[in-house]
Every structure is written in structure tokens, then in C-alpha cells.
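What follows is a single structure, written as C-alpha cells, with notes after it.
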Amino acid sequence: MSTSDHSATPAAPASFSVSVADVELEADDLDPGQIVSGEPVVTGKVLWESADGKQVRGIWQITPGVVTDVEADELFVVVSGRATVEVEGGQTLEVGPGSACVLREGDRTTWTVHETLRKAYHISY
């Protein structure tokens, strides 16, 4: 049997490195119903997504303001900026450069962004 009888298996994406601080981000929609105060703007860039869409890795940024969210299962590391993340029925998290944070799927949060915050993240759906 020749190799031409087999369908090609797609190659895994190449390993890579980026400067989180320098990646050019794209506009991301923020539901106006999530905005509590201010005029926060969200931008981001997906760096990798699994074929089934259940794993996503990327960079996300938000400008100052107060917003609410319902979280996915996420690990993120703050690269720049500062925020207070209040988890309904849970802790209040103060995050800044170098903070690693884990959010549980379904957590209801209120983000008070003090300084434009940029983070690198991994989300599991």
C-alpha cells in the first residue's frame, strides 16, 4: 500500500513565542449590559484554539471601568495594569503585574479596573 492511499494527518501547530506586551490586539465586543461604570474598552487576540474549541489561549486587555462577567474555567497571568476582581459569594482578588489567577467556571465577578489591564490566559470550556 502506498502512502498516497492514506489521508494526510494535519500537522500540529508549530511551537512559538510572543511578547505579550507587544502583541497587537483586535477590538472585542463588550456587552453594554456588563458595564457598571466608566467606558471600558476590551481588546484581545487568540493565539491558539483547540480543534474542538474547548481550549483557548490568548491575550486580553481592558481599559479602566467597572464590568461584570460570568467566568469560564480560566488561568491567567497579569502582564500589566491593576484590577480588583470581586467573586460573588467568594473572595476579592487584587491582581497586578505577575499575578496568576484561577477563576472557576460559572463564577459571577465584578471587575474594577484601576489601570489598563493586560493578561495572558488559558480558558477551558
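Heads up: take any position in the sequence shown, counting from 1, add 35, and you land on the numbering used here.
The beta-carbon is built from N, C-alpha and C at its ideal position, and this holds for glycine as well.
Go ahead and label residue i buried or exposed: buried means 16 or more other beta carbons lie within 10 angstroms of its beta carbon, across all protein chains shown.
i, result
"glutamate 109", "buried"
"phenylalanine 51", "exposed"
"proline 132", "exposed"
"glycine 141", "exposed"
"arginine 153", "buried"
Based on DSSP bridge pairs, tell me the residues matched to residue i.
i, result
"aspartate 163", "In the structure as shown, the chain starts at 36 and stops at 160, and residue 163 therefore has no counterpart that could be examined."
"phenylalanine 111", "Cys136 and Tyr156"
"valine 130", "Ala118"
"threonine 147", "Val101 and Thr119"
When you measure from the CB of residue i to every non-hydrogen atom of the ligand HEM, does any distance come out below 6 Å?
i, result
"glutamine 90", "Absence of the ligand HEM from the depicted structure is noted, as is the absence of any ligand whatsoever, leaving it without description."
Measure the C-alpha to C-alpha separation of residue i and residue j and round it to an integer number of angstroms.
i, j, result
"glutamate 150", "alanine 49", "34 Å"
"valine 120", "glutamine 126", "8 Å"
"alanine 118", "glutamate 129", "6 Å"
"glutamate 59", "glycine 79", "8 Å"
"alanine 135", "valine 113", "7 Å"
Mind checking which residues open and close the beta strand (DSSP E) that includes residue i?
i, result
"serine 72", "70–72"
TODO: List in chain order: all unbroken alpha helix (DSSP H) runs of 4+ residues lying wholly within the segment 82–106.
DONE: none
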